[in-house]
Amino acid sequence: MGRFYKYRWQYAMILPAVALLFLFNYVPMAGIQIAFRDFQIGSSIWNSAWVGFDNFAFFKEPQFWVVVTNTLYISVLKFIFGFPAPILLALMINEVLHSGFKRFVQSVSYLPHFFSWIVVAYILQSFLTLDGGLVNDVIQKTGNESIFFLGSTEWFRPMIVGSGLWKEVGWNTILYLAAITAIDPQLYEAAKVEGAGKLAQIRNITLPGIMPTITIVLILSIPSLITVGMDQIYPMMNSANMSVSDVLDTYVLRSGLQQGYFGMATAVGLLSSVLALVLVLLTNAISRKINGEGLW
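My numbering applies: residue 19 is where the sequence shown begins, and numbers increase by one.
#1: In this structure, how does DSSP classify residue 149 when only helix, strand and coil are distinguished?
#2: In this structure, what does DSSP give as the bridge partners for residue 67?
#3: Kindly indicate the opening and closing residues of the alpha helix (DSSP H) around residue 168.
#4: What is the residue span of the alpha helix (DSSP H) that residue 91 lies within?
#5: Could you tell me whether the region 170–187 touches the region 248–266, using the rule of 3 or more Cβ pairs below 8 Å?
#6: What residue does the alpha helix (DSSP H) around residue 251 start on, and which one ends it?
#7: Tell me, please, whether the region 51–65 touches the region 234–242 by the rule of three or more beta-carbon pairs shorter than 8 Å.
#8: Taking a contact to mean a Cβ-Cβ separation below 8 Å, would you say residue 99 touches residue 183 in this structure?
#9: Return helix, strand or coil for residue 62, following the three-state DSSP convention.
#10: Excluding five sequence neighbours on each side, which residues of the same chain lie with their C-beta closer than 6 Å to the C-beta of residue 152?
#11: Excluding the 5 residues flanking residue 205 on each side, which residues of the same chain have their C-beta closer than 7 Å to its C-beta?
#12: Quick check on the burial criterion: 16 or more other C-beta atoms within 10 angstroms. Buried or exposed for residue 155?
#13: Going by alpha carbons, who is nearest to residue 49 out of 79, 139 and 283?
#14: Between the Cα of residue 251 and those of 28, 137 and 107, spot the shortest distance and give me the residue it belongs to.
#15: Would DSSP call residue 189 helix, strand or coil?
#16: Where does residue 41 land, buried or exposed, given buried means 16+ other C-beta within 10 angstroms?
#17: Is the beta carbon of residue 309 less than 8 Å from the beta carbon of residue 229?
#18: Have a look at 24, 38 and 52 and flag the residue whose alpha-carbon is nearest the alpha-carbon of residue 279.
#19: With DSSP run on the structure shown, which of helix, strand or coil describes residue 135?
#20: Determine the burial state of residue 43: buried for a count of at least 16 other Cβ atoms within 10 Å of its Cβ, exposed for fewer.
#21: With a threshold of 8 Å, are at least 3 pairs of Cβ atoms found where one atom belongs to the region 298–313 and the other to the region 206–217?
#22: Which whole-angstrom value is the C-beta distance of residue 190 and residue 104, which I expect to be below 8 Å?
#23: In terms of alpha-carbon separation, which member of 91, 268, 69 and 273 lies closest to residue 247?
#24: Closest by CA to residue 185, which one among 291, 124 and 304?
#25: Let me confirm a value: residue 139 is counted as buried when at least 16 other C-beta atoms fall within 10 Å, else exposed. Which label applies?
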């Protein structure tokens with residue numbers, strides 16, 4: 019009690035943040051029970067009929083497994099290209115000797131992060147539209163036929179992965195650059211004395227030095243395999259590419275808000291959250307077993 023009184027002002031300063039966390043992260047958890055009730059707009063959650071696991075009948079729907087396949091396909095592609103890209107970019111930026119050019123590269127690579135996905139979608143549509151798009155104009159001038167990028171099932175996934183890289187790769191380098199600056203410079207000086215080149219220094223000093231950061235980012239990135247981000251997918255989704263663009267997030271939106279199946283939509287969201295938690299726990303356990311690093 020004496021310790022609490024001693025630091026009472028510090029505790030008082032974090033109370034608003036704790037209150038907001040409780041209000042917006044814990045209180046809504048009461049809505050989880052919608053997954054087990056026949057809830058309709060206008061009725062109370064507590065008065066809705068209890069239906070048990072009836073809302074989990076989406077497992078029997080063929081469209082659900084198409085949605086799961088699309089989600090995993092896109093999320094795995096984004097992970098394969100999106101996870102190592104900021105590491106490589108951070109390593110390259112770190113090797114830039116001219117401080118002015120280094121700051122310029124960092125600023126240019128960070129800037130797209132501040133664009134909303136709606137803006138990014140508009141930029142993509144402006145460049146890739148069938149009539150008047152810059153890319154199709156270039157294709158036509160080379161003697162080839164225009165490509166309907168925005169409605170193509172073949173080009174949708176590359177567009178999503180590419181736009182995600184362009185928007186976030188620079189911002190994600192911040193953690194790695196901060197970790198690199200924390201490495202003792204004397205290690206590099208000693209390596210130079212021993213005759214180690216740049217690649218040898220990166221392999222034996224830089225990468226081991228940022229490995230704890232890489233591990234933490236890896237663990238925190240695993241839940242994204244379940245949710246690919248509706249804010250990115252939805253603006254680019256249309257009837258022509260829906261067979262590959264319909265993912266879990268859009269399925270939940272369509273089932274809940276558009277069709278009124280709130281119980282089923284909540285059940286899908288609950289299942290996704292549980293799977294994401296399991297993936298985080300497994301990844302953390304494997305990481306601690308392999309290299310002794312983890313979130314806890």
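Where is the CB? At the ideal position from N, CA and C, for every residue including glycine.
The answer reads as follows:
#1: Here residue 149 carries a coil assignment [DSSP, helix/strand/coil].
#2: Within the DSSP secondary-structure output, residue 67 pairs in a beta bridge with 56.
#3: Element bounds for residue 168: n/a, residue is neither H nor E.
#4: Secondary structure note for residue 91: its alpha helix (DSSP H) is the uninterrupted segment 80–100.
#5: Yes: at least three Cβ pairs fall under 8 Å.
#6: From DSSP, the alpha helix (DSSP H) with residue 251 extends over 248–251.
#7: At 8 Å Cβ cutoff, the stretches do not touch.
#8: Cβ atoms of residue 99 and residue 183: closer than 8 Å.
#9: Residue 62 carries a coil assignment under DSSP once its states are collapsed to helix, strand and coil.
#10: Result list for residue 152: 145, in chain order.
#11: The beta carbon of residue 205 lies closer than 7 Å to those of 223 in the same chain, with the five residues before and after it left out.
#12: Result: exposed.
#13: Looking at 79, 139 and 283, the one whose alpha-carbon comes closest to that of residue 49 is 283.
#14: Taking only the C-alpha atoms, the option nearest residue 251 is 137.
#15: In this structure, residue 189 counts as coil in the three-state DSSP scheme.
#16: Residue 41 sits exposed, since fewer than 16 C-beta atoms from the chains shown fall within 10 Å of its C-beta.
#17: Cβ distance < 8 Å, so residue 309 and residue 229 count as in contact.
#18: From the listed residues 24, 38 and 52, the smallest Cα separation to residue 279 is found for 52.
#19: Helix at residue 135.
#20: Residue 43 comes out exposed.
#21: Result no; under three Cβ-Cβ pairs closer than 8 Å.
#22: Sure, about 4 Å apart at Cβ, within 8 Å.
#23: Shortest Cα-Cα distance from residue 247 to any of 91, 268, 69 and 273 involves 268.
#24: Checked all of 291, 124 and 304; the closest Cα to residue 185 is 124.
#25: Buried is the call here.
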